[in-house]
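S.K.: Residue numbers (this note's numbering): 2 to 201.
Idealized CB from N, CA, C, for every residue including glycine.
#1: Strictly by DSSP, which residues pair up with residue 131?
#2: Just the Cα atoms here: how many angstroms apart are residue 119 and residue 183?
#3: Restricting to Cα atoms, I'd like to know which of 99, 95, 123 is closest to residue 142.
#4: Go ahead and label residue 79 buried or exposed: buried means 16 or more other beta carbons lie within 10 angstroms of its beta carbon, across all protein chains shown.
#5: Assuming contact is defined by CB atoms lying nearer than 8 Å, are residue 115 and residue 134 in contact in what I supplied?
#6: For the beta strand (DSSP E) containing residue 99, list its first residue and its last residue.
#7: Taking the DSSP output, what are the residues bridged to residue 88?
#8: Is DSSP giving residue 195 helix, strand or coil here?
#9: What distance in whole Å lies between the Cβ atoms of residue 131 and residue 55, which are believed to be in contact at a cut-off of 8 Å?
#10: Please report the Cβ distance between residue 42 and residue 61, rounded to the nearest whole angstrom; I am assuming they are in contact, meaning their Cβ atoms lie under 8 Å.
#11: Check whether the region 98-118 touches the region 45-54, counting contact only when three or more Cβ pairs, one atom from each stretch, lie closer than 8 Å.
#12: Measure the alpha-carbon distance for residue 121 versus residue 88 and round it to whole angstroms.
#13: Just confirm the distance between the C-beta atoms of residue 72 and residue 147, as a whole number of angstroms; I'd bet it's less than 8 Å.
#14: For residue 29, count the other beta carbons within 10 Å of its own beta carbon; 16 or more makes it buried, fewer makes it exposed. Which is it?
#15: Classify residue 273 as buried or exposed, calling it buried when 16 or more other Cβ atoms lie within 10 Å of its own Cβ.
#16: For residue 44, tell me which candidate among 100, 85, 200, 157 has the shortest Cα-Cα distance.
#17: Closer than 6 Å by C-beta to residue 104: which residues in its own chain qualify, once you throw out the five before and the five after it? Chain order, please.
#18: Out of 106, 129, 64, which has the shortest C-alpha to C-alpha gap to residue 1?
#19: Do residue 159 and residue 140 come within 8 Å of each other at the CB atom, strictly closer than that value?
#20: Using the Cα positions of residue 67 and residue 125, report the straight-line distance between them to the nearest angstrom.
#21: Helix, strand or coil: which one does DSSP assign to residue 154?
See the structure below:
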C-alpha cells in the first residue's frame, strides 16, 4: 500500500509472500546504469514506514539484473558497530547470506528468526530483506551490501521508520488544517485591508 507522498507502508497482514516487484527508478537513473555497463546495488529511495508488530520488506535490488545466488549478501545496521575497546567484539549482521544459505553465527540476537531473503529472487538480483514483527528498536538505517559484486556501487542504504500509524496520520492532517487555516486568515486580512483602502 502506498501513502500519498514519498512514504511506503508494508502491513503485517498484507506482507508479500512472493518475490516483491522491482522498484520504479527514474528514467535518468536507468539510462546511467545502462550506459555504465555495470550492475549497481540500488535500495529504496523512500523511507519504509511500519507500525510495531508489522512485517516489512526493505527493497534492495541489483540493477541491471544479475544472478547473485552464489555471492555473499550482507544486511547490517551501519549505526551499530563493534566496541573498539572489546577485542572479542565483532561485526554482527541483521542477515548474512553466504555459501548459498543464511549464516546465523554472526547474526544480531534481536533479529534471530525474524529475517529472510527472497532466495528465489536472488537469480534476478533481488536482495530485498523481510523483517517480521518489527519493534521500535528496529527503526534506523539498514545497509544492503554485496562485497564481491563487480561494480563500484556495491551497497545501498534503506531507512526504516517504526511508529504508530495513527499519530503519523494525525500529524499530517493537522499540518494540512494549519496550512488551510493560514491561507484563510491571510485572505481575510487582505480583504479587510482592501476595504479600508476603499473607504479612504
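M.R.: In terms of the structure at hand:
#1: To locate residue 131, count along the chain shown from 1; it is residue 130. Answer is 58, 117, bridged to residue 131.
#2: Within the chain shown, the letter at position 118 stands for residue 119. Within the chain shown, the letter at position 182 stands for residue 183. Each residue's Cα considered, the two are about 48 Å apart.
#3: Position 141 of the chain shown, counted from the start, is the residue given in the question as residue 142. It is 95.
#4: Counted from its first residue, the chain shown places residue 79 at position 78. Under this definition residue 79 is an exposed residue.
#5: Stepping through the chain shown from its first residue, residue 115 is reached at position 114. Stepping through the chain shown from its first residue, residue 134 is reached at position 133. Result yes, Cβ atoms of residue 115 and residue 134 sit closer than 8 Å.
#6: The residue you call residue 99 lines up with position 98 of the chain shown. 96-99 is the extent of the beta strand (DSSP E) around residue 99.
#7: Walking along the chain shown from the start, residue 88 turns up at place 87. Paired residues: none, contrary to the question.
#8: Here the question's residue 195 lines up with position 194 in the chain shown. Three-state DSSP puts residue 195 in a helix.
#9: Working through the chain shown from its first residue, we reach residue 55 at position 54. Working through the chain shown from its first residue, we reach residue 131 at position 130. With 8 Å as the limit, residue 55 and residue 131 do not qualify as a contact, their Cβ atoms being about 11 Å apart.
#10: Counting from 1 along the chain shown, the entry for residue 42 is found at position 41. Counting from 1 along the chain shown, the entry for residue 61 is found at position 60. Sure, about 7 Å apart at Cβ, within 8 Å.
#11: no
#12: Position 120 of the chain shown, counting from 1, holds the residue named residue 121. Position 87 of the chain shown, counting from 1, holds the residue named residue 88. Cα-Cα distance, rounded: 38 Å.
#13: Indexing the chain shown from 1 puts residue 72 at position 71. Indexing the chain shown from 1 puts residue 147 at position 146. Right, the Cβ-Cβ distance comes to about 6 Å (below 8 Å), so this counts as a contact.
#14: Locating residue 29 in the chain shown gives position 28, where the first residue counts as 1. In this predicted model, residue 29 has a pLDDT of only 43, less than 50, meaning its place in the structure is not dependable enough to derive any value.
#15: With the chain represented from 2 up to 201, any question about residue 273 goes unanswered, as that position is not in the structure.
#16: Here the question's residue 44 lines up with position 43 in the chain shown. With distances taken between Cα atoms, residue 44 lies closest to 157.
#17: Stepping through the chain shown from its first residue, residue 104 is reached at position 103. Excluding positions up to five away in sequence, the list reads 97.
#18: No information on residue 1 is available, as it lies outside the stretch 2 to 201 that the chain covers here.
#19: Taking the first residue of the chain shown as position 1, residue 140 is located at position 139. Taking the first residue of the chain shown as position 1, residue 159 is located at position 158. Going by C-beta atoms, residue 140 is not nearer than 8 Å to residue 159.
#20: Residue 67 sits at position 66 when you count from the first residue of the chain shown. Residue 125 sits at position 124 when you count from the first residue of the chain shown. Computed Cα separation, rounded: 6 Å.
#21: Residue numbering aside, residue 154 sits at position 153 when the chain shown is read from its first letter. Looking at residue 154 - three-state DSSP - the assignment turns out to be coil, as it is neither helix nor strand.
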